[in-house]
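Listed in order, the protein sequences are those of chains A and B. Just so it is clear: in the first sequence, position 153 is 153 by the numbering used here, and no numbers are missing. Just so it is clear: in the second sequence, position 93 is 93 by the numbering used here, and no numbers are missing.
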Amino acid sequence: METRKIEVPVMADMFARGEKPEYLFWVGCAGAFDDRYKKVVRAFTKILTYLNVSYAVLGKEETCTGDPARRAGNEMLYQMQALTVIETFKMYEVRKIITICPHCYNIFKNEYPDLGGNYEVINYLVFLKQYIDDGKLKIDAGALDNVRITYHDPCYLGRANDIYSEPRQILNALTGNMVEMERHKSFALCCGAGGAQMFKEAEKGEKEIFIERTEDALKTDPAIIATACPFCMTMLTDGLKYKNKEEEIKNFDIAELIARSLNL
Amino acid sequence: MVKQIVFAFALLVTFAVFFYTIYRIYRFFTFTRPGFKVDQPGKRFGVMMSMAFGQKKIFRRPVIGFLHAIVFWGFCVILLGSIEMVIDGLAGTERVLKILGPVYNFITATGDIFALLIAIAIVVFLSRRIFFHIKRFEGIEMKKISHIDANIALTMILLLMLSLLGMNTAYTGYKALAGEVVDGMYPVSKVIYGLVGGGNEAGMHIMYESCWWTHILLIFIFANILPYSKHFHVFLSVPNTFLSRLEPLGKLPNMDSITREVKLMMNPETAFAAAPEDTPVERFGVKDCEDVVWKNYFDSLTCTECGRCTSVCPANITGKRLSPRKVMMDLRARMKEKGPLMIKNGRDYSDGKSLLRDYITEEELWACTTCNACARECPVNINHPTLIVAMRRYLVMEEASAPGELKAVFNNIENNGAPWQYSAEDRLLWANDLEINVI
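If you want it as structure tokens, here you go:
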């Protein structure tokens, strides 16, 4: 098959050429630095390219939104980060932001407005669902061979922002064999990584949260556990390793599944 | 006439004690900090209707939730009857609301049925607590006193319902024996009287009077015990839903005092204009009960220790020390301890203890994933994570205290703009050699 190289558009370069993209694609720290999650960003970028979306990334000018600092109680550091990011957005006249990380989504959408940063913030699943509805993104249900998929709701998409239906509608378009865990939607159990837990050892207890959640997923006997958050992905992938299931059961982001079904 | 005077006196004592209690609690509220503004009354009314009167979140557990809904809806109907009893007691009338005609029949009939249903529900609740040892009612915060508190309140409600049914039964009986018209309808009590049967008119009348007095005096006593128990819930739940935080659960409240400081650092000119010199120096975050915003304290008073929050908390489920219910109970207990001291000695008074550490440990606070399962679950819209994060704010910004790994995260974000120790220069490496299949 023939391939074409993707040159990811960078905001500074576009501005230097006097161009302005419609969307800023916010990659996030996990997208930039986590080897597993880089693949998700690559998959989503392929979809953006396939859909001819006018977008750009900040590249080296991107920095942490301040979310882990804020949730760990470091409001000072959060606000310094946030005000810096808002300045950068102002410089590039950013109006619309696409995020893949639900933590970045939540902080832009709900918390930056308090500091004067008002944008149209779009989660990538909501964005892609719109393209599907408009008929511009046609998903071939046969491509994934009706594989059994269960979906883990990220807290910051679900409970925090009430995004439950889009991921499910997309997954139902991808396979006829989507199966819910017992605890799902607003009842979903956290993967254990939120609130800056991702970066520290858990407190003493009887069990790790990610194992408890992985067990929820395993009970549905899935071939794929679909996630929509970099931290959930790390946790559930670790859970599968812990349970010695990483050969039989794979953990994919919904963007990767779409890219695969489109054969991008 | 004697009856009226005695009743008026009892009512007066009830109100006097009640308002003294409420006034004290109001004083405690004055020590707390201002939080969000209570705006958008229309939207709040909608939340209150669905959460309180619609029992929306209670039904997240359909079976036991249904029993609670019966108790709640029943209370609403029976409350009308209690108001009638107060009027009757003061005016010396009997069943004064009968002027409502068919509506009165409806109110009395539903009240009578609900009295039985509530009694059954309460028996189920009591047996769950006494015999079945439901996990949700256990935990480090559930001391013996918590169980006693719950059982006393449930028993009182049971007695209220039994006295109400007794009153209606005796009323139906004495009216029937006297050959008088019964005002209102009492389907359940009628059946009970049919089963018990007999009796003489005078005896039935005495029984009616004694049940009437028992019922109303129990209400008076109950009303004054409630504010000192977890069942303050009965009074505060409905207002607490009206006072809900309307923002998405994912949103934390902004610290405007920090915004001023950060802007000062980033641009001195604008900041000096924004920060008047008389702004009092305020502690960052929450160390003790007076540092919370009023809504946190309202939440803590509303909490009835049902434990739905704790039962869905991922940290608690996996055996960590954190229990969102405990956080609320601790705040309430700490204010109960320190509030009177602050009334006596002023808000700045210190008794050498604090909510942080003496009640809530750092270990508990750092176990939270801010997943918001607790806040989503709480049937009366209590928000625990905002308080937990506010206490973390105190730890981090006032004491520079945090787990070592998090301090490293702070350093990384400060130095290289990411929680990990990677250079911003490498932020585009993911885009190298990216190709798309040409279809």
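Cβ coordinates follow ideal geometry from the N, Cα and C atoms, glycine included.
Problem set entry | Where A:W26 falls: helix, strand or coil (DSSP) | strand
For this session: Starting from the Cα of A:I107, find the closest Cα among B:K344, B:L252, B:A418 and B:E305 and give me that residue.
Result: B:L252
Problem set entry | Cβ-Cβ separation, A:F44 to A:Y124 (assumed contact under 8 Å), whole Å | 6 Å
Exercise. Buried or exposed: which applies to A:L278, given that a residue is buried once 16 or more other Cβ atoms fall within 10 Å of its Cβ?
Worked result: Past the edges of chain A, shown from 1 to 264, lies residue 278 of chain A, and the structure says nothing about it.
For this session: List the residues of chain B that A:N123 touches, going by C-beta distances under 9 Å, in chain order.
Result: By Cβ distance, chain B contributes nothing, its closest Cβ being about 12 Å from A:N123, past 9 Å.
Exercise. Do you know how far the Cα of B:I388 is from the Cα of A:R265?
Worked result: No information on residue 265 of chain A is available, as it lies outside the stretch 1 to 264 that chain A covers here.
Exercise. So what does DSSP say about A:D253, is it helix, strand or coil?
Worked result: strand
Exercise. When you check each C-beta in the segment 105-135 of chain A against every C-beta of chain E, which residues fall closer than 7 Å?
Worked result: The structure shown contains no chain E; its protein chains are A and B.
Exercise. For B:A482, is the classification buried or exposed, using 16 other Cβ atoms within 10 angstroms of its Cβ as the cut-off for buried?
Worked result: Residue 482 of chain B falls outside the range modelled here, since chain B spans only 1 to 439, and no answer is possible.
Problem set entry | Contact list for the segment 317-336 of chain B against chain A, Cβ threshold 8 Å | I317, T318, G319, K320, R321 and L322
For this session: With a cut-off of 8 Å on the beta carbons, I'd call A:L24 and A:M14 a contact; round off their distance for me.
Result: No, A:L24 and A:M14 are not in contact; Cβ-Cβ is about 11 Å, not under 8 Å.
For this session: Could you please tell me which residues of the segment 202-225 of chain A, in chain order, have their CB closer than 9 Å to any CB of chain B?
Result: A202, E203, K204, G205, E206, K207, E208, I209, I211, E212 and R213
Problem set entry | C-beta neighbour in chain A for B:V47, strict 7 Å | no
Exercise. Taking the C-alpha atoms as reference points, what is the distance between B:V38 and B:A367?
Worked result: 31 Å
For this session: Answer with yes or no whether the minimum CB distance from A:R17 to chain B is below 7 Å.
Result: no
Exercise. With A:P230 and A:C101 assumed to form a contact (beta carbons below 8 Å), what rounded beta-carbon distance in angstroms separates them?
Worked result: 6 Å
For this session: Kindly give me the distance between the Cβ atoms of A:G192 and B:P314, rounded to whole angstroms, as I take these residues to be in contact under 8 Å.
Result: 6 Å
Problem set entry | Helix, strand or coil at B:E435 [DSSP, three-state] | strand
Problem set entry | Selection from A:R148, A:R213 and A:R168 that minimises the alpha carbon distance to A:L157 | A:R168
Exercise. Identify the residues that DSSP records as bridge partners of A:A226: which are they?
Worked result: A:Y151 and A:F252
Problem set entry | First through last residue of the beta strand (DSSP E) which encompasses A:T99 | K96 to T99
Exercise. Can you give, in chain order, each stretch of the beta strand (DSSP E) that sits fully within the segment 71-123 of chain A and has at least 3 residues?
Worked result: 96-99 and 120-123
For this session: Taking all protein chains shown into account, decide if B:F36 is buried (16 or more other Cβ within 10 angstroms of its Cβ) or exposed.
Result: exposed
Exercise. When the cut-off is 7 Å and only beta carbons count, does A:R148 lie next to chain B?
Worked result: no
Problem set entry | Burial state of B:S423 (16 or more Cβ within 10 Å) | exposed
Exercise. Can you find a C-beta in chain B that's less than 7 Å from the C-beta of A:C229?
Worked result: no
Exercise. Any contact of the segment 106-125 of chain B with the segment 238-245 of chain B, i.e. 3+ C-beta pairs under 8 Å?
Worked result: no
Problem set entry | Which of helix, strand or coil DSSP assigns to A:F219 | As written in the sequence, residue 219 of chain A is Lys, which differs from the Phe given in the question. DSSP places A:K219 in coil when its eight states are reduced to three.
Exercise. Using DSSP with H/G/I as helix, E/B as strand and the rest coil, what is B:V262?
Worked result: helix
Exercise. Whole-angstrom Cβ separation of B:V77 and B:I107, contact assumed at under 8 Å?
Worked result: 7 Å
For this session: Find the residues of chain A that neighbour B:R393, judging by a C-beta separation of less than 7 Å, and give them in chain order.
Result: G73 and E75
Exercise. Looking at C-alpha atoms only, which residue of A:G194, A:N251 and A:R148 is the closest neighbour of A:N177?
Worked result: A:R148
Exercise. Just checking, does the segment 319-334 of chain B make contact with the segment 13-21 of chain B on the three C-beta pairs under 8 Å criterion?
Worked result: no
Exercise. Any C-beta of chain B sitting closer than 7 Å to the C-beta of A:K96?
Worked result: no
Exercise. Cα-Cα, which of B:Y26, B:V293 and B:G307 is closest to B:E141?
Worked result: B:G307
Problem set entry | Distance, B:L162 Cα to B:E209 Cα | 14 Å
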